[in-house]
Amino acid sequence: MEIKTQTTMAVANFAIELAIKQKQDLSYLKLCEVLFFLQGYYLDKHKQPLMNCIFKSYPHGVLNEEIIREFKFYGPGNITSPKIVLELSHFSLIKTYQEEVDLPETQLKELEKVTQALISKPSWQLGKAIINHRTHKDPLINELSEIFGHRTYEYAEYTNSEIEACFVDNEKWLLTVNPRKN
Numbered sequence: 210m211e212i213k214t215q216t217t218m219a220v221a222n223f224a225i226e227l228a229i230k231q232k233q234d235l236s237y238l239k240l241c242e243v244l245f246f247l248q249g250y251y252l253d254k255h256k257q258p259l260m261n262c263i264f265k266s267y268p269h270g271v272l273n274e275e276i277i278r279e280f281k282f283y284g285p286g287n288i289t290s291p292k293i294v295l296e297l298s299h300f301s302l303i304k305t306y307q308e309e310v311d312l313p314e315t316q317l318k319e320l321e322k323v324t325q326a327l328i329s330k331p332s333w334q335l336g337k338a339i340i341n342h343r344t345h346k347d348p349l350i351n352e353l354s355e356i357f358g359h360r361t362y363e364y365a366e367y368t369n370s371e372i373e374a375c376f377v378d379n380e381k382w383l384l385t386v387n388p389r390k391n
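Residue 293 in the working numbering sits at position 84 of the sequence shown, with consecutive numbering throughout.
Below, the structure is given as structure tokens:
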């Protein structure tokens with residue numbers, strides 16, 4: 210059964226709302242890791258990506274530039290609300306909306322189950338699973354930035370097959386729900 214490709218922000222908003230509802234921690238870095246493994250799940254189980262997005266290597270896990278751009282102001286803390294889009298119309302009226310996943314009910318339940326399992330894991334464990342995998346690529350120091358005295362890095366992009374391999378090799382652990390500690 211074909212899955213309709215979702216926007217990165219729609220899936221991110223779905224994960225954020227679920228984390229808030231379940232009282233789970235979800236920083237912007239953990240959100241990148243959760244989305245990375247959701248992508249791997251869909252590549253493995255449905256043979257197609259859930260989202261049309263790019264993930265890049267990072268010394269502590271994985272990055273998605275759209276997520277970083279939208280949620281970095283939370284710093285290391287929890288994201289407290291989904292992204293809301295403000296749009297001005299022709300008559301200077303402000304219209305607000307939130308990108309949401311557009312999936313049939315059965316597929317939505319599957320997404321919820323997998324997302325819940327992923328957000329129940331601590332961020333450091335998700336990051337460790339990514340950086341310890343054979344597909345992880347260390348960022349490269351940009352040589353020109355070294356010459357000018359401020360070091361910047363070039364982050365390698367993950368291919369869909371690398372994302373899928375990382376998920377498959379960690380699947381059993383990833384899909385078990387960690388009990389919440391109160």
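We put the beta carbon where it would ideally sit given N, CA and C, even for glycine. Predicted model, so just to flag it, every value in this text is computed and none were measured.
Residue burial classification, residue i (beta-carbon count within 10 angstroms, cutoff 16)
i	result
I293	exposed
N391	Because N391 carries a pLDDT of 45, less than 50, the predicted location of this residue cannot be relied on, and the following value inherits that uncertainty. So N391 counts as exposed.
I263	exposed
L317	exposed
M222	In the sequence as presented, Met is not what sits at residue 222; that position holds Asn. Result: buried.
L320	buried
P291	buried
Q248	buried
K349	It should be noted that the sequence gives Leu, not Lys, for residue 349. By the neighbour-count rule (16 or more Cβ atoms within 10 Å), L349 is not buried but exposed.
F282	exposed
Rounded C-alpha distance that separates residue i from residue j
i	j	result
G358	L238	27 angstroms
L259	Q307	18 angstroms
A228	E363	31 angstroms
V323	T361	35 angstroms
K346	I372	12 angstroms
L252	M210	13 angstroms
T216	I277	15 angstroms
I340	S332	12 angstroms
G284	E314	34 angstroms
Where the alpha helix (DSSP H) through residue i begins and ends
i	result
K337	332–340
T315	314–328
Extent of the continuous beta strand (DSSP E) run through residue i
i	result
V271	270–272
Bridge partners - residue i, DSSP secondary structure assignment
i	result
S266	V271
E366	K265
Q215	M260
L238	For L238, which the question treats as bridged, DSSP gives no partner whatsoever.
L383	Paired residues: none, contrary to the question.
L349	E363
Short CB-CB distance (under 8 angstroms) between residue i and chain D
i	result
Y362	The chain inventory of the structure shown lacks chain D, comprising one protein chain alone.
**Item:** Contact the segment 238–250 vs the segment 263–282: 3+ CB pairs below 8 angstroms
**Value:** yes
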